[in-house]
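Protein chains: 2
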Amino acid sequence: MNAPLATELLPRIEPRPVPAAMLEALKARFGERCSTALAVREQHGRDESPYDVPPPEVVVFCESTEDVAAIVKLADQHAVPVIPYGAGSSLEGHLLAVQGGVSIDLSRMNRVIALQSEDLTVTVQPGVTRTQLNNEIRHSGLFFPIDPGADASIGGMCATRASGTNAVRYGTMRENVLGLEVVTASGEVIRTGTRAKKSSAGYDLTRLMVGSEGTLGVITEVTLKLYPQPEAVSAAVCSFPSIAAAVQATIQIIQIGVPIARCELLDANAVRAVNRHDKLSLREGAMLLMEFHGTPAGVKEQIETVQQIADDNGGLAFEWAETPEERTRLWTARHHAYFAGLQVKPGCRTVTTDTCVPISRLADCLLDTVAEADGSGLPYYIVGHVGDGNFHVAYLIDPNVPQERETAERLNLQLVTRALGLDGTCTGEHGIGLHKMAFLVTEAGAGAVAAMRTIKHALDPKNIMNPGKIFAA
Amino acid sequence: MNAPLATELLPRIEPRPVPAAMLEALKARFGERCSTALAVREQHGRDESPYDVPPPEVVVFCESTEDVAAIVKLADQHAVPVIPYGAGSSLEGHLLAVQGGVSIDLSRMNRVIALQSEDLTVTVQPGVTRTQLNNEIRHSGLFFPIDPGADASIGGMCATRASGTNAVRYGTMRENVLGLEVVTASGEVIRTGTRAKKSSAGYDLTRLMVGSEGTLGVITEVTLKLYPQPEAVSAAVCSFPSIAAAVQATIQIIQIGVPIARCELLDANAVRAVNRHDKLSLREGAMLLMEFHGTPAGVKEQIETVQQIADDNGGLAFEWAETPEERTRLWTARHHAYFAGLQVKPGCRTVTTDTCVPISRLADCLLDTVAEADGSGLPYYIVGHVGDGNFHVAYLIDPNVPQERETAERLNLQLVTRALGLDGTCTGEHGIGLHKMAFLVTEAGAGAVAAMRTIKHALDPKNIMNPGKIFAA
Chain A
36 MNAPLATELL PRIEPRPVPA AMLEALKARF GERCSTALAV REQHGRDESP YDVPPPEVVV
96 FCESTEDVAA IVKLADQHAV PVIPYGAGSS LEGHLLAVQG GVSIDLSRMN RVIALQSEDL
156 TVTVQPGVTR TQLNNEIRHS GLFFPIDPGA DASIGGMCAT RASGTNAVRY GTMRENVLGL
216 EVVTASGEVI RTGTRAKKSS AGYDLTRLMV GSEGTLGVIT EVTLKLYPQP EAVSAAVCSF
276 PSIAAAVQAT IQIIQIGVPI ARCELLDANA VRAVNRHDKL SLREGAMLLM EFHGTPAGVK
336 EQIETVQQIA DDNGGLAFEW AETPEERTRL WTARHHAYFA GLQVKPGCRT VTTDTCVPIS
396 RLADCLLDTV AEADGSGLPY YIVGHVGDGN FHVAYLIDPN VPQERETAER LNLQLVTRAL
456 GLDGTCTGEH GIGLHKMAFL VTEAGAGAVA AMRTIKHALD PKNIMNPGKI FAA
Chain B
36 MNAPLATELL PRIEPRPVPA AMLEALKARF GERCSTALAV REQHGRDESP YDVPPPEVVV
96 FCESTEDVAA IVKLADQHAV PVIPYGAGSS LEGHLLAVQG GVSIDLSRMN RVIALQSEDL
156 TVTVQPGVTR TQLNNEIRHS GLFFPIDPGA DASIGGMCAT RASGTNAVRY GTMRENVLGL
216 EVVTASGEVI RTGTRAKKSS AGYDLTRLMV GSEGTLGVIT EVTLKLYPQP EAVSAAVCSF
276 PSIAAAVQAT IQIIQIGVPI ARCELLDANA VRAVNRHDKL SLREGAMLLM EFHGTPAGVK
336 EQIETVQQIA DDNGGLAFEW AETPEERTRL WTARHHAYFA GLQVKPGCRT VTTDTCVPIS
396 RLADCLLDTV AEADGSGLPY YIVGHVGDGN FHVAYLIDPN VPQERETAER LNLQLVTRAL
456 GLDGTCTGEH GIGLHKMAFL VTEAGAGAVA AMRTIKHALD PKNIMNPGKI FAA
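Just so you know, the protein sequences line up as chains A and B, in that order. For any residue, its number in my numbering is found by taking its place in the first sequence, counting from 1, and adding 35. For any residue, its number in my numbering is found by taking its place in the second sequence, counting from 1, and adding 35.
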């Protein structure tokens, strides 16, 4: 693979100014909900990616689909970029205003519109966060399983095709979005999908929008699948003598078909960071965090099988999180891993990898990566949705030391090259954004990326929808 | 809904002749694999839909991706339509040469290319049929669950986003295709997806191609998810005093979250036809055919729950298909329902409905439909993947009596109108084809269909890929 380092790929910034007429129209319609204050713009001009890019020119806080459509119509008229903003938790630079324009803040569109518990579906506005959603539907006995590390917005999770710790059993946003309402590049409002569980009615616009990173439209409403809260839930941690042993156990668990709900790897560095951040006392070695969902008898069967596999791979005794509170504490700690990691090296930023490979290739992919990371001199930690073949190496870099960033990007390139050689992908769940545009071409091939670009140009001829993401501008 | 009857919607036939130069080029490359014999063309010019349309001008039997690419390049050069042909089992007119052109017969591309049992994936050529696939991988302990009624080809199943009896547990082609090789409208070969279980790498071209009915490209290779053959399998039939009772039981089974593998409704007419065709002696009333997959203990739990629900709804005692042979006999009979039904009225053809609604709306949708069908005077039967909210009314019509077709189409329109009003879809698994183009507009809305057309025009500017399907030409 001859892909250049990701740092070389940042598009040159060619701002497309918001004309005075458009700014006046926005102010006239939105009043104080339209802000050009620097602090507000800066807050909307960065995310958790390692980039610093000028902020958007304007931020508008939307409260309705009509608000979004009105902004996009103006943007279309004036050929000005728009960037949807949810919770600001992207890791790949999705939110950065590389060509200026308007940040469409959707965080106030945070209503659960309709819970149809008798169909196991819910319709929400895009600014609803995953924890808010589960809090608001808990009474129904249902839950929504997809849980990226951050408390992301549902709209953002659609846009990046997010997943998280439960995907090994419940799938990703790809499998769990039934339909969308979308404002297209012309400002028109369309609906994709219905509440039917399956359909063969024309092109799958829902799946096209899921993972399109704001480049094809702004998602203004989402209908999701829900699941009955399992009758029985058990969670455990199990330490292993090495990462290799933990990975081998994982591979066997998946290959034998255990319907495990969560199967997460933490390396010793991650456990250490999480212990410190969340005041836990987990054994500081390679570890699997697991959860089992089902009937009491079904959970018991799963655990027996997994304990046997863990034993065969040198795993220590399971430590159980017995109560709901203990489980919440454990998984909250897991979800804090990113912020816990940041505290290891004050002032650092992270370069986070996201490869995903077929399960039988996981050991090949992960163990060589650990050796490279160890040899790099950079502090790092690893967390992984290993049941899916997906893991993250987070390199902690000093943003003021270019060499550290270069080292991290080189290691990422080596890892991506390895993963693609193992029939895998450069990104399991974070998306392409600014960071992986070259990797996308290597992974999908020039012809497939050309097909994607053709779709982009056809649906967004003025290139106003989050331009410069997925493809260079 | 003011959609016209489907019969009014058949596009006028405007054949686009295959120029002599192209025909010569095809003959030079393909020799005897290029046929213009009327019998061969007629065989490729119809399917199981109720339409008669002139056949393609030429049929080419492909043996490789390069064969397909060569044909499409010629077709691009000469602006001639191409229509992929797999097993010929479409129900919606997908294969009909409404604008003439070349039928690309893929049935000889029927190799299982690679079984990666350690990853639960398999890569196949598009002409492999579903039963062939399961026969060839049986030794691995894995299986592929998607099973439309016909022994369809995997390529065709991708093209129509097919499902079948196992979808209630295992999903449809939407969820079970990992990646594709596709020949685009310019004759270029692209790959979509990898063997990674999940990915956020750019637009989901895999899901865009799945369900595109040959209108965006020709699928030449498919990578599928597989599943471990369950440790325990039990199948049973249960008769109910009425369709209403069987449907109520189904709704409760799904809402309570039983991971049932199959949950199929047959009405008394369907049972009668199947009994006669497959020499069975099932009780001739409304019936659920069910199958349970899991560990022995898990299956036992599922059965206890479902038996209780059946009892509560007046179900008779379960009759068990105890042995693998008995199960095969039962499910083969279910898969024969279509052909069994045809024999009820010699010389008939069927108009088959395919609505799918959220599970809580199933009774509303189905019971009013039964009343209408009973009042119509047409013979009919009903089979349904009711666990998914999907069912088929097959109206048996005399193709020489226009009034029968009109009646059937009117009933279909009424059913679709009802299903859309219940947040459902006009087609759960058969596709749009020629038959449901007006329904698609009503269901998705003009704006969403315009977005689909925009994609079609961008990716196939000469409109050579199965033109006149999904959208009127």
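Beta carbons: idealized from backbone N, C-alpha and C, even for Gly.
I need the straight-line Cα distance from Leu-44 (chain B) to Leu-73 (chain B), nearest angstrom please.
To locate residue 44 (chain B), count along the second sequence from 1; it is residue 9. To locate residue 73 (chain B), count along the second sequence from 1; it is residue 38. Only weak support exists for where Leu-44 (chain B) lies, its pLDDT of 48 falling under 50; the coordinates are left without a value.
State the start and end residues of the unbroken beta strand (DSSP E) segment that holds Pro-119 (chain A).
Locating residue 119 (chain A) in the first sequence gives position 84, counting from the first residue. Note, Pro-119 (chain A): beta strand (DSSP E), 117-120.
Cβ neighbour criterion (16 or more within 10 Å) applied to Ala-41 (chain B)
By 1-based counting over the second sequence, the position of residue 41 (chain B) is 6. Residue placement at Ala-41 (chain B) cannot be trusted, given a pLDDT of 43 that sits under 50; the coordinates are not used to answer.
Under three-state DSSP, which class holds Val-217 (chain B)?
For the purposes of this step, residue 217 (chain B) is identified with residue 182 of the second sequence, where counting begins at 1. Here Val-217 (chain B) sits in strand by DSSP.
Tell me, to the nearest whole angstrom, how far the beta carbon of Val-95 (chain A) is from that of Val-137 (chain A); I am working on the premise that it is less than 8 angstroms.
Locating residue 95 (chain A) in the first sequence gives position 60, where the first residue counts as 1. Locating residue 137 (chain A) in the first sequence gives position 102, where the first residue counts as 1. Correct: roughly 6 angstroms between the Cβ atoms.
Residue from A:Phe-327, A:Leu-215, A:Ala-236, A:Ser-84 with nearest C-alpha to Gln-160 (chain A)
Here residue 160 (chain A) corresponds to residue number 125 of the first sequence, with the count starting at 1. Taking only the C-alpha atoms, the option nearest Gln-160 (chain A) is A:Leu-215.
Should Pro-414 (chain B) be flagged as near chain A, meaning a C-beta pair shorter than 7 angstroms?
As a first step, residue 414 (chain B) must be located in the second sequence, where it is residue number 379. With 7 angstroms as the cut-off, Pro-414 (chain B) does not count as an interface residue toward chain A.
If you measure between the beta carbons of Thr-460 (chain A) and Thr-229 (chain B), is that distance less than 7 angstroms?
Here residue 460 (chain A) refers to the residue found at position 425 when the first sequence is read from its first residue. Here residue 229 (chain B) refers to the residue found at position 194 when the second sequence is read from its first residue. For Thr-460 (chain A) and Thr-229 (chain B), yes; Cβs fall inside 7 angstroms.
Please classify Ile-288 (chain A) as buried or exposed, where buried requires at least 16 other C-beta atoms within 10 Å of its C-beta.
Along the first sequence, read from residue 1 onward, the residue named residue 288 (chain A) stands at position 253. By the neighbour-count rule (16 or more Cβ atoms within 10 Å), Ile-288 (chain A) is buried.
Straight-line CA distance for Val-341 (chain B) to Asp-111 (chain A)?
Here residue 341 (chain B) is taken as the residue at index 306 of the second sequence, counted from 1. Here residue 111 (chain A) is taken as the residue at index 76 of the first sequence, counted from 1. Between Val-341 (chain B) and Asp-111 (chain A), the C-alpha separation is close to 55 angstroms.
Might you give, ordered along the chain, the residues of its own chain that have their beta carbon closer than 6 angstroms to the beta carbon of Val-306 (chain B), omitting 5 neighbours on each side?
What you label residue 306 (chain B) is simply residue 271 of the second sequence in a count that begins at 1. So the list reads Leu-317, Glu-319, Met-322, once near-sequence residues are dropped.
Could you say if the region 439-456 of chain B and the region 421-430 of chain B meet the contact criterion of at least three C-beta pairs nearer than 8 angstroms?
yes
Count the other CB atoms, across all protein chains shown, that sit within 10 Å of the CB of Ile-291 (chain B); report buried if there are 16 or more and exposed otherwise.
The count along the second sequence starts at 1 and reaches residue 291 (chain B) at position 256. It is exposed - the Cβ of Ile-291 (chain B) has fewer than 16 other Cβ atoms within 10 Å.
What does the Cβ neighbour count give for Asp-524 (chain A), buried or exposed, with the cut at 16 atoms within 10 Å?
With chain A covering only 36 through 508, there is no way to say anything about residue 524 (chain A).
How close, in whole Å, do the beta carbons of Gly-190 (chain B) and Gly-162 (chain B) come, if the pair is a contact with beta carbons under 8 angstroms?
As a first step, residue 190 (chain B) must be located in the second sequence, where it is residue number 155. As a first step, residue 162 (chain B) must be located in the second sequence, where it is residue number 127. Sure, about 7 angstroms apart at Cβ, within 8 angstroms.
Across which residues does DSSP place Asn-425 (chain A) in a beta bridge pair?
The sequence position of residue 425 (chain A) within the first sequence is 390, counting from 1. Partner(s): A:Cys-391, A:His-420.
Around the C-beta of Lys-232 (chain A), are 16 or more other C-beta atoms found within 10 angstroms, so that it is buried, or is it exposed?
Along the first sequence, read from residue 1 onward, the residue named residue 232 (chain A) stands at position 197. It is buried - the Cβ of Lys-232 (chain A) has at least 16 other Cβ atoms within 10 Å.
Buried or exposed: where does Gln-134 (chain B) fall if 16 or more other Cβ atoms within 10 Å of its Cβ makes it buried?
The residue labelled residue 134 (chain B) in the question sits at position 99 within the second sequence. Its Cβ being crowded by 16 or more others within 10 Å, Gln-134 (chain B) is buried.
Contact set between Gly-123 (chain A) and chain B, taken where Cβ atoms lie within less than 8 angstroms:
In the first sequence, the residue the question calls residue 123 (chain A) occupies position 88. Residues of chain B passing the Cβ test: none, with the nearest at roughly 18 angstroms.
Can you find a C-beta in chain A that's less than 7 angstroms from the C-beta of Gly-249 (chain B)?
On the second sequence, position 214 is the one that residue 249 (chain B) refers to. False, the Cβ-Cβ gap to chain A never drops below 7 angstroms.
Let me check understanding here. Comparing Cα to Cα, which of B:Pro-263, B:Phe-426, B:Lys-62 lies closest to Gly-329 (chain B)?
The count along the second sequence starts at 1 and reaches residue 329 (chain B) at position 294. Measuring from the Cα of Gly-329 (chain B), the nearest candidate turns out to be B:Pro-263.
Give the residues of chain B in contact with Ala-368 (chain A), contact being defined as C-beta atoms less than 7 angstroms apart.
What you label residue 368 (chain A) is simply residue 333 of the first sequence in a count that begins at 1. Correct list: empty, because the minimum Cβ distance to chain B is about 24 angstroms.
Between the Cα of His-470 (chain A) and those of A:Gln-283, A:Asp-389, A:Ala-481, spot the shortest distance and give me the residue it belongs to.
The residue given as residue 470 (chain A) occupies position 435 in the first sequence. For the residues A:Gln-283, A:Asp-389, A:Ala-481, the minimum Cα distance to His-470 (chain A) belongs to A:Asp-389.
Is Thr-31 (chain A) close to chain B? Criterion is C-beta to C-beta, closer than 7 angstroms.
Because chain A is modelled from 36 through 508, residue 31 (chain A) falls outside the range shown and cannot be assessed.
Report yes if the CB atom of Pro-502 (chain A) is closer than 7 angstroms to the CB atom of Pro-116 (chain A), and no otherwise.
Counted from its first residue, the first sequence places residue 502 (chain A) at position 467. Counted from its first residue, the first sequence places residue 116 (chain A) at position 81. Yes. Within cutoff.
In terms of residues, what are the limits of the beta strand (DSSP E) holding Gly-105 (chain A)?
Mapped onto the first sequence, residue 105 (chain A) falls at position 70. For the sequence presented, residue 105 (chain A) should be read as Ala rather than Gly. Note, Ala-105 (chain A): premise wrong, no beta strand (DSSP E); alpha helix (DSSP H) at 100-113.
Where the alpha helix (DSSP H) containing Ala-370 (chain B) begins and where it ends:
Against the second sequence, residue 370 (chain B) aligns to sequence position 335. Note on identity: in this sequence residue 370 (chain B) is His, with Ala being the wrong assignment. Its alpha helix (DSSP H) spans residues 359-370.
Gly-329 (chain A) in three-state terms, based on DSSP
Position 294 of the first sequence, counting from 1, holds the residue named residue 329 (chain A). Strand, per DSSP.
Residues of the region 454-483 of chain B with Cβ closer than 7 angstroms to any Cβ of chain A, in chain order
Asp-458, Gly-459, Thr-460, Cys-461, Thr-462, Gly-463, Glu-464, His-465, Gly-466, Ile-467, Leu-475, Glu-478, Ala-479, Gly-480, Gly-482, Ala-483
Once DSSP output is grouped into helix, strand and coil, what is the label at Phe-65 (chain A)?
Here residue 65 (chain A) refers to the residue found at position 30 when the first sequence is read from its first residue. If DSSP states are grouped into helix, strand and coil, Phe-65 (chain A) belongs with the helices.
In this structure, does DSSP put Ser-175 (chain A) in helix, strand or coil?
Here residue 175 (chain A) refers to the residue found at position 140 when the first sequence is read from its first residue. Of the three classes helix, strand and coil, the one that applies to Ser-175 (chain A) here is helix, per DSSP.
Identify the contact partners of Thr-363 (chain A) in chain B, using a Cβ-Cβ distance below 7 angstroms as the criterion.
Position 328 of the first sequence holds residue 363 (chain A). Neighbours of Thr-363 (chain A) on chain B: none; closest Cβ ~22 angstroms, over 7 angstroms.
Beta bridge counterpart(s) of Tyr-262 (chain B) as assigned by DSSP:
Position 227 of the second sequence, counted from the first residue, corresponds to residue 262 (chain B). Bridge partners of Tyr-262 (chain B): B:Phe-178.
How would you call Val-436 (chain A), buried or exposed, if buried means at least 16 neighbouring beta carbons within 10 angstroms?
Here the question's residue 436 (chain A) lines up with position 401 in the first sequence. So Val-436 (chain A) counts as exposed.
Could you check whether Ala-408 (chain B) and Tyr-415 (chain B) sit closer than 7 angstroms to each other, using their CB atoms as the reference points?
Residue 415 (chain B) sits at position 380 when you count from the first residue of the second sequence. Residue 408 (chain B) sits at position 373 when you count from the first residue of the second sequence. Taking 7 angstroms as the Cβ cut-off, Tyr-415 (chain B) and Ala-408 (chain B) qualify as a contacting pair.
Let me confirm a value: Gly-456 (chain B) is counted as buried when at least 16 other C-beta atoms fall within 10 Å, else exposed. Which label applies?
Along the second sequence, read from residue 1 onward, the residue named residue 456 (chain B) stands at position 421. The residue is exposed, with fewer than 16 neighbouring Cβ atoms inside 10 Å.
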